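Residue numbering for the sequence shown follows numbering that gives the first Met the number 0, beginning at 0 and increasing consecutively.
From the three backbone atoms N, C-alpha and C, an ideal C-beta is built for every residue, glycine too.
This one's a predicted model, so the numbers in the text were calculated from it and none came from an experiment.
All remarks here apply to the structure that follows.
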Amino acid sequence: MEVPNNKNAIESNRQAWNDSARHHQDSPDWQALLSDVAQADFSCLDDTLRGLLEEVGVDGKDVIQLGCNNGRESLSLFALGARSVVGVDQSSAFLDQARELNSRSAHNAEFIESDIHHLPALLHNRFDVALITIGVLNWMPDIGEFFRHVASTLKPGGKLVIYETHPFLEMVDPDAEDPYRLASSYFRAEPFVQEEPIVYVGKVEQQAAKSYWFVHNLGAIFSGAIGAGLNIAHFKEYAHSNREELYDRYLNREAQLPMCFTLVATKV
Ligand SMILES: C[S@@+](CC[C@H](N)C(=O)[O-])C[C@H]1O[C@@H](n2cnc3c(N)ncnc32)[C@H](O)[C@@H]1O
């Protein structure tokens with residue numbers, strides 16, 4: 000398999016997300032979101048993430064979400080009392096959706112188009128909390144470099160909060176004939192490549208830019224965070240899923256896989 004250099008993989012991922020944006024807008028979820036977001040206490044956060052953010056404390060804080068997609072989670076941070084919210088994503092098509100949601104919201108987030116690896120200086124050393132959620136880490140070719148850019152947004156003492164899918168899930172293939180067979184190495188170095196649009200339910204048979212999904216095991220994630228000057232203060236694994244519905248087949252098993260994790264780290 001030919002893997003492009005990191006810069007080209009990031010650019011191809013940007014195009015792939017832009018190619019997929021209209022499919023997300025076609026869903027009934029989008030229509031529901033358009034009306035729900037108008038409520039002042041709107042939140043799409045699940046209990047795990049909400050509970051963690053309450054513990055960390057976002058009330059009165061300046062918060063940035065990196066890889067914010069359509070901004071629904073960024074806008075949910077106001078219900079927890081955030082003073083200001085900035086959402087960053089490199090997909091202009093998803094940021095159009097975020098700005099549409101923002102225009103209907105009772106609150107006002109700022110949405111900035113940028114590759115996380117090239118954040119504008121105005122985002123440096125500015126935030127109390129940086130948030131990374133479901134399905135962001137794996138688009139990053141170099142996890143150490145990614146953490147250095149994320150850390151650059153935090154004030155000293157600021158906290159990074161991650162709620163992500165668990166790397167153990169990269170070892171199984173829910174579409175395989177035997178979805179319980181270990182199908183891929185935990186230490187896989189080459190990315191998974193997808194040529195169809197990125198959708199959360201089913202498949203869309205249509206050509207799109209290639210997207211590159213990189214596997215980062217827990218050791219790489221911890222080392223990347225530590226190397227970026229972040230002190231890990233919390234790490235927890237869960238048996239519930241925050242992935243696509245397809246992964247629900249791995250729930251409630253006797254030999255249960257970890258399905259997702261939370262991590263909090265403080266900038267020294
Ligand atoms: C799976 S989505 C996040 C979804 C979000 N957790 C939610 O539930 O709404 C991942 C996002 O990361 C963004 N992304 C991927 N690589 C990026 C990069 N290098 N810089 C900025 N954003 C990036 C994509 O454009 C996409 O919107």
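Range of the contiguous alpha helix (DSSP H) that encloses Phe77: Element bounds for Phe77: n/a, residue is neither H nor E.
Residues near Asp35 by beta carbon distance below 7 Å, same chain, minus five either side: Cβ within range, chain order: Phe41.
Gln116 beta carbon near ligand 1 (any heavy atom closer than 7 Å): According to the sequence as given, residue 116 is His; it is not Gln. At least one heavy atom of ligand 1 lies less than 7 Å from the C-beta of His116.
Continuous alpha helix (DSSP H) stretch holding Ser91: start and end: If you look at Ser91, you'll find it in the alpha helix (DSSP H) that goes 91-103.
Exposure label - Gln206; buried when at least 16 CB within 10 Å: Gln206 comes out exposed.
Option in Glu163, Leu217, Glu176, Ser11 with minimal Cα separation from Phe186: Sorting Glu163, Leu217, Glu176, Ser11 by C-alpha distance to the C-alpha of Phe186 places Leu217 at the top.
Three-way DSSP call (helix, strand, coil) for Met47 in this model: The question names Met, yet the displayed sequence has Thr at residue 47. Here Thr47 carries a helix assignment [DSSP, helix/strand/coil].
Meets three-Cβ-pair contact criterion under 8 Å: the segment 132-142 and the segment 98-106: Segment contact: the segment 132-142 against the segment 98-106, fewer than three CB-CB distances shorter than 8 Å; contact not assigned.
Burial state of Asp174 (16 or more Cβ within 10 Å): Counting other Cβ atoms within 10 Å of its Cβ, Asp174 stays below 16 and is therefore classed as exposed.
DSSP-derived helix/strand/coil call for Pro155: Residue state, collapsed to three classes: strand.
7 Å Cβ shell around Ile197 - same chain, five flanking residues per side excluded: Only Ala15, Trp16, Ser19, Ser210 meet the Cβ criterion.
Counterpart residues of Gly70 in DSSP-defined beta bridges: Partner(s): none; Gly70 has no beta bridge.
Nearest-angstrom Cα separation, counted from Glu176 out to Val84: Near 44 Å, if we compare the C-alpha coordinates of Glu176 and Val84.
Beta-carbon separation (whole angstroms), Glu112 vs Leu94, contact threshold 8 Å: Rounded to the nearest angstrom, the Cβ distance from Glu112 to Leu94 is 5 Å, consistent with a contact under 8 Å.
Euclidean distance between Cα positions of Gln64 and Ser184: Roughly 30 Å between the two C-alpha positions.
For His233: DSSP bridge partner residues: In DSSP, His233 forms a bridge with Val263.
Collapsed DSSP secondary structure at Glu112 in the structure displayed: Correct three-state label for Glu112: strand.
Beta-carbon proximity check, His22 vs Trp29, cutoff 8 Å: It is not a contact, given that the beta carbons lie outside the stated cut-off.
Contact check, Glu163 vs Phe260, beta carbons under 8 Å: The answer is yes: Cβ separation under 8 Å.
Nearest neighbour of Gly228, chosen from Leu122, Lys158, Pro178, Gly56 [CA to CA]: Of Leu122, Lys158, Pro178, Gly56, the residue nearest in Cα terms is Lys158.
Identity of the residues DSSP links to Glu176 by a beta bridge: Looking at the DSSP output, Glu176 sits in no beta bridge, so it has no partner there.
contact_flag[the segment 224-240, the segment 113-125] where n(CB pairs < 8 Å) is 3 or more: No, the segment 224-240 is not in contact with the segment 113-125.
Asn241 to Met258 span [Cα, whole Å]: Approximately 7 Å between the Cα atoms of the pair.
Gly86 and Ser73 closer than 8 Å at C-beta: A contact, by the Cβ cut-off of 8 Å.
Phe269 (DSSP reduced to helix, strand or coil): Since the displayed the chain opens at 0 and closes at 267, residue 269 lies outside it and no answer follows.
For Ser83, the residue or residues it bridges with in DSSP: Paired residues: Asp61.
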